[in-house]
Amino acid sequence: MKSNLRVLYGTTLAKYSKFKSRYDKNVRNGHFNDLSDRKKSQIISKLKRLYNRLCQLRLQLKLAAATGILSLTLSASQAQQLGPFVQNDTKNPFVNANQLPENG
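For the sequence shown, the positions run 713 to 816 when my numbering is used.
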């Protein structure tokens with residue numbers, strides 16, 4: 713899923729960048745002012761939609777990354793506590809009784 717989000721973010725970013733550069737070019741050379749008010753509104757609305765979509769996708773990517781890091785951290789800490797590599801001599805039946813520390 714994370715790779716799908718990255719692909720979707722990349723394609724949306726490409727669309728936004730292309731559309732924004734066309735918009736900026738038309739504003740600079742004055743062609744944007746020649747358009748009807750309806751067309752101007754449509755262009756600005758499309759830019760806003762693409763920008764908002766980029767913000768949503770960026771947030772989703774950050775949450776996915778944070779969730780992945782959190783799950784890896786939790787699974788690593790669980791493995792350290794429950795795994796066979798934890799030294800717990802008092803509960804290990806295979807430890808020689810002479811090797812156990814004395815209580816007292």
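Virtual Cβ for every residue (Gly too), placed ideally from N, Cα, C.
Anyone know if the C-beta pair for residue i and residue j falls short of 8 Å?
i       : j       : result
Phe-731 : Asn-738 : no
Leu-773 : Arg-718 : yes
Lys-765 : Thr-724 : At residue 765 the sequence reads Arg, which differs from the Lys that was named. Contact: yes.
Tyr-721 : Arg-761 : no
Tyr-728 : Tyr-763 : yes
Kindly indicate which three-state DSSP category residue i falls into: helix, strand or coil?
i       : result
Gly-816 : Confidence is the limiting factor: at Gly-816 the pLDDT is only 48, short of 50, which leaves the residue's position unreliable, though a coordinate-based value still follows. The answer is coil: DSSP assigns Gly-816 none of H, G, I, E or B.
Gly-722 : helix
Which residue's Cα is closest to the Cα of residue i: the options?
i       : options                      : result
Ser-715 : Ala-777, Leu-784 and Ile-755 : Ala-777
Within the region 724 to 756, ranges of the alpha helix (DSSP H) (whole runs, at least 4 residues):
Within the region 724 to 756, the runs of alpha helix (DSSP H) that reach at least 4 residues and sit entirely inside it are, in chain order, 743 to 746.
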